[in-house]
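Following: one structure in structure tokens, then a few remarks.
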Amino acid sequence: MRLIKTIMAVCFAAGIVPTALHASSGVPVPPAQKWSQEGIFGTLDKAAAKRGAQVAVEVCMACHSIGLVKFDQLRQLGFTEAEVKSLAEVQGRTKADRMNGALDAVSAKDSFGVVPPDLSLITKARKGYEDYTYAILNGYLNESEMELVNKVMADGNISDQEALELQSALLMDTHDKGHVKAILERLIGGASFNKYFPGNFLAMPQPLNNGQVSYTDGTENSLKQLSHDVVTFLSWAAEPTVAERKSLGFWVLGYLFILTVLLYAVKRRIWASAH
Numbered sequence: 552m553r554l555i556k557t558i559m560a561v562c563f564a565a566g567i568v569p570t571a572l573h574a575s576s577g578v579p580v581p582p583a584q585k586w587s588q589e590g591i592f593g594t595l596d597k598a599a600a601k602r603g604a605q606v607a608v609e610v611c612m613a614c615h616s617i618g619l620v621k622f623d624q625l626r627q628l629g630f631t632e633a634e635v636k637s638l639a640e641v642q643g644r645t646k647a648d649r650m651n652g653a654l655d656a657v658s659a660k661d662s663f664g665v666v667p668p669d670l671s672l673i674t675k676a677r678k679g680y681e682d683y684t685y686a687i688l689n690g691y692l693n694e695s696e697m698e699l700v701n702k703v704m705a706d707g708n709i710s711d712q713e714a715l716e717l718q719s720a721l722l723m724d725t726h727d728k729g730h731v732k733a734i735l736e737r738l739i740g741g742a743s744f745n746k747y748f749p750g751n752f753l754a755m756p757q758p759l760n761n762g763q764v765s766y767t768d769g770t771e772n773s774l775k776q777l778s779h780d781v782v783t784f785l786s787w788a789a790e791p792t793v794a795e796r797k798s799l800g801f802w803v804l805g806y807l808f809i810l811t812v813l814l815y816a817v818k819r820r821i822w823a824s825a826h
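Below, the structure is given as structure tokens:
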């Protein structure tokens with residue numbers, strides 16, 4: 552009984568408490584997206600991951616590193632030797648180098664006040680996984696939302712109607728108008744606001760915009776598409792061997808099934824005379 556109570560207490564602490572804390576934090580839950588690699592039967596969309604690698608090298612690696620992956624591993628996504636070499640040269644590196652960003656830790660801290668996190672495991676290290684990373688990339692205010700902020704701040708007062716509009720735009724509780732006004736003042740001052748980031752303000756300005764990266768395969772380069780592709784790539788970067796592990800898992804399950812059938816047949820054979 553004591554063991555059962557202990558297990559229940561651990562489960563409660565590990566599962567229910569974090570959920571409650573997240574719910575009470577006021578941070579909206581990232582909308583669920585479709586990812587081809589999800590689930591036991593999921594397979595990586597290599598075309599999307601390949602495009603995402605281009606986005607990562609041309610945009611993300613200006614500040615961030617993906618240090619657990621080497622440029623040469625990009626061949627697994629369908630890049631040719633020449634393409635891998637070209638991508639590495641964008642960051643002044645060779646194909647044998649790890650995908651470390653252009654900024655070292657000291658320079659990054661001097662520029663941003665913090666060292667940008669390594670993105671190798673970012674899709675696994677945050678609650679929400681790929682959905683969270685995608686939401687962050689799309690969680691900055693667009694032009695119409697900034698126009699609303701400027702309109703509200705023009706007279707310095709927040710009406711009830713404007714509070715409702717801000718609640719929809721910022722995805723946050725706007726009942727405390729003093730708190731909301733303080734947030735808007737930071738926004739007007741140039742701070743980077745993100746709807747899905749805990750605390751809403753982060754050091755990173757919006758990294759991706761519509762049309763920022765040109766795809767050679769003709770795929771549209773909207774913000775949502777760029778975000779989806781780079782998150783697909785980062786999901787692969789976190790687990791480059793996941794396809795092999797899934798394949799091995801199916802073989803193991805098949806082996807165990809056959810072994811179970813054989814053991815059952817042997818059992819029936821051995822005990823046949825006893826029944």
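Read in my numbering, the sequence shown has 656 at position 105, and its numbers run on one by one without any break.
Every residue, glycine too, gets a C-beta built ideally from N, C-alpha and C.
CB-CB length for residue i against residue j, believed under 8 Å
| i | j | result |
| --- | --- | --- |
| G618 | D669 | 5 Å |
| S671 | A789 | 6 Å |
| R677 | Y683 | 5 Å |
| E640 | V764 | Incorrect: roughly 17 Å between the Cβ atoms, too far for contact. |
| P579 | Y747 | 6 Å |
| P581 | G679 | 5 Å |
| I734 | N751 | 7 Å |
| A754 | V657 | In fact, because the Cβ distance is near 16 Å, the residues do not count as touching under 8 Å. |
Beta-carbon proximity list for residue i, same chain, < 7 Å, skipping 5 on both sides
| i | result |
| --- | --- |
| M612 | Q642, M650, G652 and A653 |
| K804 | Before going further, note that residue 804 is Leu rather than Lys in the sequence given. Nothing meets the Cβ criterion. |
| D648 | K621, F622 and A639 |
| R644 | F622 |
| L722 | P579 and K746 |
Check whether residue i and residue j have beta carbons under 8 Å apart
| i | j | result |
| --- | --- | --- |
| S743 | P756 | yes |
| G690 | N761 | no |
| V731 | L715 | no |
| K829 | K646 | In the structure displayed, the chain extends from 552 to 826; residue 829 sits before or after that span and is not available. |
| A720 | E736 | no |
| G590 | D724 | no |
| V703 | E713 | yes |
Cβ-based burial, residue i [other Cβ within 10 Å; buried from 16]
| i | result |
| --- | --- |
| N701 | exposed |
| P667 | buried |
| L814 | exposed |
| Q628 | The residue you asked about is not Gln; residue 628 is Leu in the sequence shown. Result: buried. |
| L777 | buried |
| A705 | exposed |
| R820 | exposed |
| L595 | buried |
| V817 | exposed |
| W586 | buried |
| L810 | exposed |
| E698 | exposed |
| A583 | exposed |
| S599 | According to the sequence provided, residue 599 is Ala. The question's Ser does not apply to it. Buried: at least 16 other Cβ atoms inside 10 Å. |
| L799 | exposed |
| E838 | As displayed, the chain neither begins before 552 nor continues past 826, which places residue 838 out of reach and without an answer. |
Distance cut-off 7 Å: residue i Cβ against heavy atoms of the ligand PLP
| i | result |
| --- | --- |
| K728 | In terms of ligand content, the structure shown is empty, and the ligand PLP therefore cannot be addressed. |
Contacts around residue i, its chain only, beta-carbon distance under 8 Å, and the 5 residues preceding and following it disregarded
| i | result |
| --- | --- |
| L759 | V606, V610, L688, L774, L777, S778 and V781 |
| P791 | V620, Q624 and Q627 |
| I673 | T684, L785 and A789 |
| K675 | A789 and E790 |
Same chain, Cβ closer than 6 Å to residue i, five either side skipped, listed in chain order
| i | result |
| --- | --- |
| A597 | In the sequence as displayed, the identity of residue 597 is Lys instead of Ala. Within the same chain, K597 has close Cβ partners L628 and G629. |
### Touching by the beta-carbon criterion (3+ pairs, under 8 Å), the region 592-603 and the region 778-785
Touching, per the Cβ criterion.
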